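>
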Amino acid sequence: MKVGALLYKRTICFPQFMLGIIFYGIHRLLIGISEFYKASAFRGFFGDFLALIVCIPIFATSQKIFGLRKKNKIYFAEVVGYTALFSLYFEVIGPCFNATFTRDFLDIIAYFLGALALFFSNNIFYKGDSNL
Numbered sequence: 257m258k259v260g261a262l263l264y265k266r267t268i269c270f271p272q273f274m275l276g277i278i279f280y281g282i283h284r285l286l287i288g289i290s291e292f293y294k295a296s297a298f299r300g301f302f303g304d305f306l307a308l309i310v311c312i313p314i315f316a317t318s319q320k321i322f323g324l325r326k327k328n329k330i331y332f333a334e335v336v337g338y339t340a341l342f343s344l345y346f347e348v349i350g351p352c353f354n355a356t357f358t359r360d361f362l363d364i365i366a367y368f369l370g371a372l373a374l375f376f377s378n379n380i381f382y383k384g385d386s387n388l
């Protein structure tokens, strides 16, 4: 096996991760330069939508590196589990210790919709692929 292929199989090989990083960078750039974007409701929820699109591939890749995962396929139970963990931390526990955390139910919906987008796109991308 070539070194490049081995590195690819052992590292973050989720195209959604790269798109999420690019969109998050654009999102942060727009917050910094656009007063209109900064004042919109979209500003607050787009980052939450992208959170699990970026984080779930990092968690899955970590699991692959430690031998806990063989496939890159994201399962619905993971979507629910990671959404629950993010919601618990950022919307329940976090506000008790940090005033910048908001306890917003719409954030939970944004987390879930982002994770669901990752789930569906991942299952389309890896449909029938049992070697990953």
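Here the sequence shown is numbered in our numbering, starting from 257 and rising by one per residue.
Glycine is no exception: its CB is placed at the ideal position from the N, C-alpha and C atoms.
This one's a predicted model, so the numbers in the text were calculated from it and none came from an experiment.
For a cutoff of 8 Å on Cβ pairs, would you count M274 as touching chain B?
The structure shown has no chain B; it contains just one protein chain.
> What's the call for N387, buried or exposed, on a 16-neighbour Cβ count within 10 Å?
In this prediction, N387 scores a pLDDT of 40, lower than 50, which makes its location untrustworthy; the coordinate-derived value is nonetheless stated afterwards. Classification of N387: exposed, given that the 10 Å Cβ count is below 16.
> Does the stretch 363-383 come close enough to the stretch 329-347 to have 3 or more Cβ pairs within less than 8 Å?
Because the criterion of three Cβ pairs below 8 Å is met, the stretch 363-383 and the stretch 329-347 touch.
> May I have a chain-ordered list of the alpha helix (DSSP H) segments no shorter than 4 residues that lie completely inside the stretch 296-366?
Segments of the alpha helix (DSSP H) lying fully in the stretch 296-366: 297-321, 332-343 and 350-353.
> Helix, strand or coil: which one does DSSP assign to S377?
DSSP places S377 in helix when its eight states are reduced to three.
> Please look up how many angstroms separate the CB atoms of A371 and T339, rounded, as I've assumed it's under 8 Å.
Contact flag correct, Cβ pair sits at about 5 Å.
> Since L306 and Y280 are thought to touch, with beta carbons under 8 Å apart, how far apart are those beta carbons, to the nearest angstrom?
About 5 Å separates the two Cβ atoms, so the contact holds.
> Which class does F292 belong to by DSSP, given the choice of helix, strand or coil?
Residue state, collapsed to three classes: helix.
> Could you check the C-alpha separation between A333 and S318 for me, to the nearest Å?
If you take the alpha carbons of A333 and S318, they lie about 18 Å apart.
> Is it buried or exposed for K320, if we count other Cβ within 10 angstroms and need 16 for buried?
Under this definition K320 is a buried residue.
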